[in-house]
Amino acid sequence: MKKKKDWGSIFIVVSILVGIFCYMQYTEDVQKEEYVQSGIPIGKEYIRKHYNAEFIYKNYDFIGGYVNSTVYLRGYIKGHEGHSISIAYDFEKKEVLDVLGPAWFIDSRNPNKIVPPF
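In numbering that gives the first Met the number 0, the protein residues as written are 0 to 117.
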């Protein structure tokens, strides 16, 4: 009889721990989604302003979220679906840190360089 009580107690404790873990994962995912949704319009406006292009968002990636507050918004430029563009967005400061992509696109920001049309 005592063994059944022990197993029952263990089952209850494990169930509670699993529930807490699932809740923590859910809240973390919701918070990440909020960061991404706040960054998409800022990133699109940055690309429109500095590169005179339309950024199409596809997905995101947090790299070392426990170390810094950067999310990478990935997508492409309208008309250039085969070329990936990444926007490094700081969700705490709500600003674009950097834009990564093919050289022809990155060089298009600098008006002094001649960029071949693609």
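Beta carbons: idealized from backbone N, C-alpha and C, even for Gly.
Predicted model only: the values in this text are computed from it and were never measured.
Hey, how far is the Cα of Q36 from the Cα of K4?
-> Approximately 48 Å between the Cα atoms of the pair.
Using the rule of at least 16 other Cβ atoms within 10 Å of the residue's Cβ for burial, across every protein chain shown, is F20 buried or exposed?
-> So F20 counts as exposed.
Hey, F104 and Y25 are a contact pair by Cβ (cut 8 Å); roughly how many whole angstroms apart?
-> Approximately 37 Å separates the beta-carbon atoms of F104 and Y25; this is outside 8 Å, ruling out the contact.
Going by DSSP, name the residue or residues bridged to D97.
-> Looking at the DSSP assignment, D97 forms a beta bridge with A87.
Nearest CA to the CA of K43: which residue from V66, G74, H82, D106?
-> Selected option, being the one with the closest Cα: G74.
Would you tell me roughly how many angstroms separate the C-alpha atoms of V95 and I11, rounded to the nearest one?
-> So the alpha carbons of these two residues sit roughly 46 Å apart.
Y59 and V66: beta carbons closer than 8 Å?
-> Going by C-beta atoms, Y59 is not nearer than 8 Å to V66.
Can you pull the DSSP bridge partners for T69?
-> D89.
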